[in-house]
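Engineer: So the sequence shown is numbered by the working numbering: it starts at 58 and just counts up by one. Glycine included, each C-beta is placed from N, C-alpha and C at the ideal position.
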Amino acid sequence: QVQLVESGGGLVQAGGSLGLSCAASVSIFNLNAMGWYRQAPGKQRELVAAITKGGTTNYADSVKGRFTISRDNAKNTVYLQMNNLKPEDTAVYYCKGSGSFSYWGQGTQVTVSS
Numbered sequence: 058q059v060q061l062v063e064s065g066g067g068l069v070q071a072g073g074s075l076g077l078s079c080a081a082s083v084s085i086f087n088l089n090a091m092g093w094y095r096q097a098p099g100k101q102r103e104l105v106a107a108i109t110k111g112g113t114t115n116y117a118d119s120v121k122g123r124f125t126i127s128r129d130n131a132k133n134t135v136y137l138q139m140n141n142l143k144p145e146d147t148a149v150y151y152c153k154g155s156g157s158f159s160y161w162g163q164g165t166q167v168t169v170s171s
């Protein structure tokens, strides 16, 4: 059973920065891709950023230039650095691992005040 544990959420003012971490219970090198998703109240869960096993990254248009996804295979951890945060970034952020199955973390709240 793969477990993903997110950390690093919190409250920040608009224009500020936060870093999220997702620690996996297994080697993330064995997963095809890792991603960060978010879900705001009343909205569907959406992809924020993803990184493949080979290191290729993909971002939602709304976060391009502000967010950076990275992975440390040695630590089995994926990161999301969020800069210049906006109130519309407020959501619960989830980590997802994709392999033979999909695995989700429990989520971490990010709140950006205006």
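Using three-state DSSP, classify aspartate 118 as helix, strand or coil.
Structural biologist: In this structure, aspartate 118 counts as coil in the three-state DSSP scheme.
Engineer: Compute the distance between the beta-carbons of asparagine 133 and serine 78, then report whether it is under 8 Å.
Structural biologist: No, the Cβ-Cβ distance between asparagine 133 and serine 78 is not below 8 Å.
Engineer: Considering only the beta carbon of each residue, do valine 62 and alanine 80 sit closer than 8 Å?
Structural biologist: Yes. Within cutoff.
Engineer: Glycine 66 and tyrosine 136 look like a contact to me (Cβ under 8 Å); what is the Cβ gap, rounded to whole Å?
Structural biologist: That belief does not hold up - the Cβ atoms of glycine 66 and tyrosine 136 are roughly 13 Å apart, past 8 Å.
Engineer: When you compare only the Cα positions, how much space is there between asparagine 115 and arginine 128?
Structural biologist: Going by the C-alpha atoms only, they are around 13 Å apart.
Engineer: Less than 7 Å between C-beta atoms, sequence neighbours within five positions excluded: which residues of the same chain meet that for threonine 168?
Structural biologist: Counting only Cβ-Cβ distances below 7 Å, and skipping sequence neighbours, we find Leu68 and Thr147.
Engineer: Near serine 64, what residues of its chain come up, given a Cβ to Cβ distance below 6 Å and the 5 sequence neighbours on each side ignored?
Structural biologist: The residues are Ser78.
Engineer: What are the complete beta strand (DSSP E) segments, minimum 3 residues, inside the region 106 to 169?
Structural biologist: The region 106 to 169 contains these whole beta strand (DSSP E) runs: 114 to 116, 124 to 129, 134 to 139, 148 to 155 and 159 to 161.
Engineer: Between the alpha carbons of lysine 153 and threonine 109, how many angstroms are there, rounded?
Structural biologist: The straight-line gap from Cα to Cα measures roughly 12 Å.
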